[in-house]
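In the working numbering, the protein residues as written are 1 to 677.
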Ligand code: IVH
């Protein structure tokens with residue numbers, strides 16, 4: 001047992017040391033914090049269970065990583081410590097109990113609750129009120145001189161007001177606000193460069209630039225959370241220290257509170273968790289500190305962390321997993337979207353097994369390859385994202401992924417990417433992959449609304465050869481279906497009745513069901529209302545179509561082209577034979593006004609492209625239902641709808657303001673019902 005433990009301890013020491021160096025020394029972490037924490041925790045547990053095996057050089061006894069040679073070394077007069085972690089309520093209580101047991105005082109009194117900022121620990125030394133030195137934490141004893149870089153940070157005063165202590169060493173976290181991170185990434189994208197993965201690493205990289213003028217452009221900021229050496233000021237509590245720092249013009253975080261019980265500290269932690277995404281900067285937890293400095297003194301520190309403080313770590317929003325493969329899915333309109341097939345991983349509150357990779361350019365920019373270990377991020381309700389590969393784990397023989405040249409369906413028709421378009425398309429009208437999407441679209445609630453015809457059944461009917469186009473829904477062989485597993489008389493009768501009922505749907509819904517590129521619900525209504533009959537729409541020229549208010553030239557062209565296709569005209573012919581309703585009563589009101597006002601008083605912002613709508617069409621659909629659709633997210637926004645290639649800033653802002661983020665399906669539901677599901 002001890003033998004196994006010794007080996008594992010050695011291995012864990014190596015691992016933690018290596019990742020310490022990558023994180024603190026090289027600003028290039030390879031694994032998410034959660035994995036690092038797991039290594040460290042296992043090591044701590046093994047060392048506690050086998051004290052005879054604990055080594056003085058273990059990283060559990062030290063802090064950070066040795067400084068690099070890039071900057072001049074700075075010896076800290078008082079060591080810069082790390083923090084012990086608690087991951088749940090019991091561990092928080094255990095920390096408090098341990099502290100209490102060590103103290104003579106009856107209880108430890110007030111607790112200061114702070115956010116745990118996800119950035120870089122630094123020490124600022126003011127002498128005679130002037131900032132004379134700024135240093136990174138380094139290994140806790142020796143850091144790096146980054147004075148020139150820190151002087152470029154706006155929130156760091158170069159001078160303190162008159163009356164400042166003779167010596168004041170302030171400690172805090174330098175971080176990159178999310179807005180600055182977004183702006184930086186927008187600039188990277190505009191210049192065709194790859195995106196920065198996360199604000200913490202970007203902050204670290206920005207701070208450790210050899211050229212301070214680069215640091216100056218990055219928009220770094222700082223929060224001060226403690227002091228080191230102080231000469232010329234008497235402070236009795238940590239809260240008074242923070243107030244004092246604030247009074248001298250140093251940035252102290254406004255979320256900080258002082259509470260009088262552990263229960264109240266726990267409530268602070270819960271609030272942190274709830275508002276994590278509303279903050280304009282990233283946090284990875286909360287820090288709870290005993291307020292009285294005399295008690296802090298009495299408690300002292302272990303070799304790496306004070307006993308009077310504990311960091312509560314919030315659940316991770318990044319994890320690593322294996323990218324098993326990259327598949328391509330074909331949408332109802334033939335769009336081929338690559339997506340990551342992941343070894344399922346629990347992150348950001350749910351298990352993630354798939355994540356869209358959007359298009360060929362995105363896969364290339366991220367340089368992810370099947371077989372890679374990848375970092376997956378899922379923050380709150382936001383759609384999971386593959387951030388990039390862990391290059392150090394990449395096997396030598398891993399080949400770059402190529403966008404498939406043909407559709408995954410058995411016909412293997414070419415996937416075409418047209419110039420100026422980021423997406424590939426399968427243009428084969430009888431592509432079963434496309435067909436599945438089309439049939440699902442045809443049967444959807446906003447189209448022909450055919451109940452009992454879900455995804456599984458559509459797949460089955462296509463596989464059985466019962467459906468080769470949407471019109472085949474109306475000539476299904478119910479005897480064959482009855483032979484299939486899971487189909488009783490009743491379920492077949494229900495399906496048949498639902499299909500029969502769909503024949504009476506309006507022309508506008510039929511138009512939606514036809515799945516014409518760029519045409520959505522509202523624009524289908526507009527056409528149906530303007531022409532009154534499918535035959536008239538089919539016979540219309542591009543110009544006639546474009547004359548309809550709300551129908552732009554691209555949409556008009558698309559409708560015209562759709563009906564020029566022999567295959568599509570054949571489908572319409574079959575629908576006519578099946579006696580679907582082709583007529584729409586032309587009312588005096590516009591179709592838009594006739595729609596139920598499900599979005600009255602609601603403000604819906606859309607980012608990225610939606611399959612079922614053109615850019616104009618989506619706004620028209622919202623307005624037609626009484627809603628507003630401005631171009632940017634604000635506190636008044638009811639929901640943000642996210643399509644393909646969404647804008648990161650809108651998404652981040654929505655995340656920060658706690659605004660619900662919807663996908664296209666949820667959006668459709670919202671249009672219909674006015675309710676966010
Ligand atoms: S106090 C001796 N307070 O977390 C106590 N640290 O995991 C020193 N951090 O090295 C730290 N927010 O870089 C403290 N409000 C906060 C913090 C904070 C973030 C960082 C800091 C520290 C690390 C430990």
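Every residue gets a Cβ at the ideal spot worked out from N, C-alpha and C, and that includes glycine.
query, result
"Residue 12 versus residue 38 - alpha carbon distance", "10 angstroms"
"Rounded Cβ spacing between residue 168 and residue 122 (contact assumed at less than 8 angstroms)", "About 14 angstroms separates the two Cβ atoms, so there is no contact after all."
"Touching by the beta-carbon criterion (3+ pairs, under 8 angstroms), the stretch 359-377 and the stretch 431-439", "no"
"Per DSSP, the bridge partner or partners of residue 222", "174"
"Cβ neighbour criterion (16 or more within 10 Å) applied to residue 400", "exposed"
"Cβ contact check for the stretch 15-31 and the stretch 200-210: 3 or more pairs under 8 angstroms", "yes"
"Range covered by the beta strand (DSSP E) that runs through residue 674", "No beta strand (DSSP E) contains residue 674, which DSSP labels as neither H nor E."
"Outcome for residue 591 when other beta-carbon atoms lying within 10 angstroms are tallied against a minimum of 16", "Because residue 591 sits at a pLDDT of 41, beneath the cut-off of 50, its placement in the model cannot be relied upon, and the following sentence gives the value as read from the coordinates. It is buried - the Cβ of residue 591 has at least 16 other Cβ atoms within 10 Å."
"Expected contact under 8 angstroms - CB spacing of residue 336 and residue 328 to nearest Å", "5 angstroms"
"Continuous beta strand (DSSP E) stretch holding residue 487: start and end", "First-last for residue 487: undefined, no H or E at that position."
"Close-in-space but distant-in-sequence residues of the same chain around residue 682 (CB under 7 angstroms, 5 per side omitted)", "Nothing about residue 682 can be reported from this structure: the residues present for the chain run from 1 to 677 only."
"Cβ-heavy atom distance, residue 121 to ligand 1, below 7 angstroms", "yes"
"For residue 158, the three-state DSSP class (helix, strand or coil)", "coil"
"Residue(s) in a DSSP beta bridge with residue 87", "DSSP, once it has assigned bridges, lists no residue as partnering residue 87."
"Test item: CB-CB of residue 507 and residue 528 under 8 angstroms", "yes"
"Beta-carbon proximity list for residue 311, same chain, < 6 angstroms, skipping 5 on both sides", "83, 85, 116, 285, 287"
"Beta-carbon contacts of residue 305 that lie in its chain and below 6 angstroms, excluding the five residues immediately before and after", "81, 82, 83, 84"
"Residue 669 to residue 398 span [Cα, whole Å]", "42 angstroms"
"Per-residue DSSP class, three states only, for residue 582", "coil"
"Three-pair Cβ contact test at 8 angstroms for the stretch 209-222 versus the stretch 153-171", "yes"
"Cβ-based burial, residue 620 [other Cβ within 10 Å; buried from 16]", "buried"
"Helix, strand or coil at residue 10 [DSSP, three-state]", "helix"
"Continuous alpha helix (DSSP H) assignments of at least 4 residues falling wholly in the stretch 87-149", "89-102"
"Cβ-heavy atom distance, residue 311 to ligand 1, below 7 angstroms", "yes"
"Cβ-Cβ distance between residue 331 and residue 437 below 8 angstroms", "yes"
"Exposure of residue 602, with buried meaning 16 or more beta-carbon neighbours within 10 Å", "buried"
"Cβ contact check for the stretch 312-324 and the stretch 375-391: 3 or more pairs under 8 angstroms", "yes"
"Simplified DSSP state of residue 292, which is helix, strand or coil", "strand"
"Continuous beta strand (DSSP E) stretch holding residue 197: start and end", "Taken as a continuous stretch (DSSP letters only), residue 197 belongs to no beta strand (DSSP E), as it is neither H nor E."
"Cβ-based burial, residue 589 [other Cβ within 10 Å; buried from 16]", "A caution first: residue 589 carries a pLDDT of 39, below 50, which makes its placement in the model unreliable, though a value can still be read off. Classification for residue 589: exposed."
"Three-way DSSP call (helix, strand, coil) for residue 474 in this model", "helix"
"Span of the beta strand (DSSP E), counted from its first residue to its last, around residue 417", "415-417"
"Expected contact under 8 angstroms - CB spacing of residue 124 and residue 150 to nearest Å", "7 angstroms"
"Closest residue to residue 15 among 34, 40, 24 (Cα-Cα distance)", "40"
"Ordered list of beta strand (DSSP E) runs contained in the stretch 332-363, each at least 3 residues", "335-347, 350-356"
"Cβ-Cβ distance between residue 232 and residue 177 below 8 angstroms", "no"
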